[in-house]
Amino acid sequence: MDPFFCNERVVQNGVPTNQFITRKLWDVGNTAPYGHRGDLTTITEAILHHAGEARAQRERFAALPKELQSEIVEFLKQLQVLPNGAPREITDRQLKHLLRNQKGVTAQE
Ligand code: HEM
Numbered sequence: 036m037d038p039f040f041c042n043e044r045v046v047q048n049g050v051p052t053n054q055f056i057t058r059k060l061w062d063v064g065n066t067a068p069y070g071h072r073g074d075l076t077t078i079t080e081a082i083l084h085h086a087g088e089a090r091a092q093r094e095r096f097a098a099l100p101k102e103l104q105s106e107i108v109e110f111l112k113q114l115q116v117l118p119n120g121a122p123r124e125i126t127d128r129q130l131k132h133l134l135r136n137q138k139g140v141t142a143q144e
């Protein structure tokens, strides 16, 4: 049992707390912190806390040289879902402002 993942305490939609559904990654770049309680601040930490069925991927990532790990993380950081109407390029400050002023966030066309 990983202390950061697989630590759900609340039964949600009838799914047992020891059953985990693979999380989507298409917004991973702007959904930090990670884990049920937001204990993990970086994507690297999140990858390194995989276990069980994802252990092989975790080990392969951990075995890569730091530069290649950084390239993967940089790629993953680009996977972001922006609010409707957001420009194609956006600063963190603009993004925070847009998110504050919009309730629902959906994928941009
Ligand atoms: C390079 C491959 C992978 C990357 C980069 C990755 C990345 C991530 C990240 C960043 C999270 C945290 C999401 C969040 O808390 O918001 C996560 C969660 C999760 N991932 Fe992966 N993952 C990978 C492969 C896998 C594989 C192969 C599996 C399963 C076979 C898997 C199963 C899960 C599950 C079940 C969670 C949620 C854990 C929980 O709810 O406690 N992942 N992953």
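To convert a position in the sequence shown, counted from 1, into this note's numbering, add 35. All C-beta atoms, glycine included, are put in the ideal place defined by N, C-alpha and C. All of these numbers come straight from a predicted model, not from anything done at the bench.
Where does residue i sit, in a helix, a strand or coil, going by DSSP?
i           : result
residue 50  : strand
residue 75  : strand
residue 129 : helix
For residue i, count the other beta carbons within 10 Å of its own beta carbon; 16 or more makes it buried, fewer makes it exposed. Which is it?
i           : result
residue 143 : Confidence is the limiting factor: at residue 143 the pLDDT is only 48, short of 50, which leaves the residue's position unreliable and the question unanswerable from this model.
residue 87  : exposed
residue 103 : exposed
residue 118 : buried
residue 70  : buried
residue 110 : exposed
residue 132 : exposed
Open item on the list: Across the segment 60-72 and the segment 80-90, are there enough close Cβ pairs to call them in contact, namely three or more that are closer than 8 Å?
Closed with: Output reads yes: the segment 80-90 touches the segment 60-72.
- [ ] May I ask you to verify whether the segment 94-101 touches the segment 41-49, counting CB pairs closer than 8 Å and requiring at least 3?
- [x] Counting C-beta pairs with one atom in each stretch, the segment 94-101 and the segment 41-49 have fewer than three that are closer than 8 Å, which means they do not touch.
- [ ] Could you tell me which uninterrupted alpha helix (DSSP H) segments, each at least 4 residues in length, are contained entirely in the segment 74-105, listed from first to last along the chain?
- [x] The segment 74-105 contains these whole alpha helix (DSSP H) runs: 78-83 and 90-98.
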